[in-house]
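For the sequence shown, this note's numbering begins at -19 and goes up steadily by one.
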Amino acid sequence: MQNFNSIKVPFSLYQIIQLLGWSHKASNYQLVRQSLSRWVSVTMKYENAWWNAKTKEWMDEEFHIIDRVTTSRDEKGKKNSQFQWGSVIYESLQNGNVKELDWQAVTGLSSPIAKRLYRLLDKRFHWGKPVSFDVKALAIHKLGLSKNYTSIGTLKQKLSRGIAELEDIGFIRKVPAKDRYRKLGVGQWEVMFEKAHPVDETLPLLEDTPQEVGAVEALLIDFGVSVTQARRLVVSQPEVLIRAKIDILKYKIATEDAPTNPAGWLVRAINEDWAPPADFKSEAERAAEDKAAEDRAEARKQRMAELEAKAQEDKRAVDAAEHARRETIDGYLNGLSATDRQALIETAIAAVPDGLGFKNRQGPAGDAFRQSAIDEHVLTLLSAG
């Protein structure tokens, strides 16, 4: 099986359960059966993104990973199962287009994000250098998080558990969050990873790995373009054209119109010089718009703060004036004898027209009417005297 000598592979459900590290309960056996059935029906589609290791070229391909799953029973009722590789994938496997994987490390991870990130980084770490990704592109288009997560803070939170698991098993170097993430612009962040242990210098690099990766190549690789293809594009196409198509892809990702295969889309867009969408805005234009929006929001916030401060200041002034007025009126009334104060109250109330009948009304409305009449009468006496 490991040498891919036969297109047919014998297996048992027990073996698969053991490999997965699952418990041997009926529901898990049923899950494996369902998974095998689904893989038979799944069609893989690649647009200029399937590498033919024999002809050394990128191809469009549509194929099945598994063509069939067969189970037979002998005379004693013993089951014998086997699956058959699809012809395209089997040819690729025979041509050595295989990336080895530390199966124990992967199956030991509990977080789905950790498993997907391990697979991605394991491939990118083969030349021994730190790698970085756009946070949104990594989380949504490479690790499969929902497009509904639009906040960078939410995406960081979702990634944190998987990253912590990879740090704990010693796969990636453990660093503080402030070193893990770097802000590139308004609403744009990158996340960086470095292998936890030094690369064995005695091991040869992969055949298609350049010793030095330039800035434009690194951008292409970050979107999933292979090292070989990235080098080919950099050599054959103008840098300004490559950067322009990368900018278009970033725009499509930002507007949630990303292609299902960003790497394949990018290669074809560069080679065929695809025109930008009608509503395309460059990264610089988007950054300028975001900055202008932030400035407007900050200006509104500052204006609201100023208005609130002015309102508070006006309220304090009104409260102070009312307090002084109250003290003046109460001081005058308290300086009168009880008889004189009662006479003043009766005179003040009698002098005010009362077309609505508030003079003798009980409750808050009547109390307020009479108090206002008394206050105005006292202030009139003070101003006249």
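Note that CB positions come from ideal geometry on N, CA and C, so glycine has one too.
query                                                                                                                                                                      : result
Of the choices W254, F203, R13, whose alpha-carbon is the least far from that of A119?                                                                                     : F203
Indicate whether the contact test is met: 3 or more Cβ pairs, each with one atom in the stretch 228 to 240 and one in the stretch 260 to 269, closer than 8 angstroms.     : yes
Using a Cβ-Cβ cut-off of 6 angstroms (strictly less than) and excluding sequence neighbours within five positions of I309, which residues of its own chain qualify?        : D355, V358
Output the distance between the C-alpha atoms of G346 and G337, rounded to the nearest integer angstrom.                                                                   : 9 angstroms
Below 8 angstroms, how does it come out for the stretch 80 to 89 and the stretch 97 to 104: are there three or more Cβ pairs, yes or no?                                   : yes
Restricting to Cα atoms, I'd like to know which of G66, L313, G150 is closest to L361.                                                                                     : L313
To the nearest angstrom, report how far apart I325 and A364 are at their CA atoms.                                                                                         : 18 angstroms
Can you tell which of K116, L125, Y129 has its C-alpha closest to the C-alpha of R162?                                                                                     : K116
For Q64, report the span of its beta strand (DSSP E) as first-last.                                                                                                        : 59 to 65
Spatial neighbours of R223 within its chain, please: CB distance less than 8 angstroms, with the 5 preceding and 5 following residues excluded, ordered by chain position. : V196, L199
Helix or strand or just coil, what does DSSP make of V(-11)?                                                                                                               : strand
Determine whether the beta carbon atoms of V68 and E37 lie at a separation below 8 angstroms.                                                                              : no
In chain order, what residues of the same chain lie with their CB nearer than 7 angstroms to the CB of N75, ignoring the 5 residues before and after it?                   : A33, K34
Is V22 closer than 8 angstroms to I45 when the C-beta atoms are compared?                                                                                                  : yes
What are the boundary residues of the alpha helix (DSSP H) that includes Y312?                                                                                             : 263 to 314
Looking at the structure shown, is R350 part of a helix, part of a strand, or coil, going by DSSP?                                                                         : helix
With which residues is F43 paired in a DSSP beta bridge?                                                                                                                   : M24
Using alpha carbons as the reference points, say which of H303, P256, Q292, S112 lies closest to R160.                                                                     : S112
I need the DSSP call for S52, collapsed to helix, strand or coil.                                                                                                          : strand
Spatial neighbours of L146 within its chain, please: C-beta separation below 7 angstroms, excluding the five flanking residues on both sides.                              : A94, L97, Y98, I152
By the DSSP assignment, the alpha helix (DSSP H) with S112 in it spans what residues?                                                                                      : Segment 111 to 114 is the beta strand (DSSP E) holding S112; no alpha helix (DSSP H) there.
Rounded to whole angstroms, what's the CA-CA distance from T235 to V205? Just pull it up for me.                                                                           : 21 angstroms
If you follow the alpha helix (DSSP H) that G133 is in, where does it begin and where does it stop?                                                                        : 132 to 148
I'd like to check one pair, I(-3) with H4: are the Cβ atoms closer than 8 angstroms?                                                                                       : yes
Does S52 pass the burial test, meaning 16 or more other C-beta atoms within 10 Å, or should it be called exposed?                                                          : exposed
Give the DSSP bridge partners of I222, in chain order.                                                                                                                     : Beta-bridge pairing links I222 to no other residue.
Return helix, strand or coil for W2, following the three-state DSSP convention.                                                                                            : coil
By Cβ distance, which residues of its chain are closer than 6 angstroms to G142, with the 5 residues on each side in sequence left out?                                    : S91, I93, A94, L97
Please classify K(-12): is it buried, with 16 or more other beta-carbons within 10 angstroms of its beta-carbon, or exposed?                                               : exposed
Just to confirm the assignment, what range does the beta strand (DSSP E) spanning W169 have?                                                                               : 168 to 173
Alpha carbon to alpha carbon, what distance is there between L81 and L123?                                                                                                 : 18 angstroms
Between D320 and A353, what straight-line distance do the alpha-carbon atoms span, to the nearest angstrom?                                                                : 16 angstroms
Go through its chain and collect everything with a Cβ distance to P110's Cβ below 7 angstroms, but skip five positions before and after it.                                : M172, F173, E174
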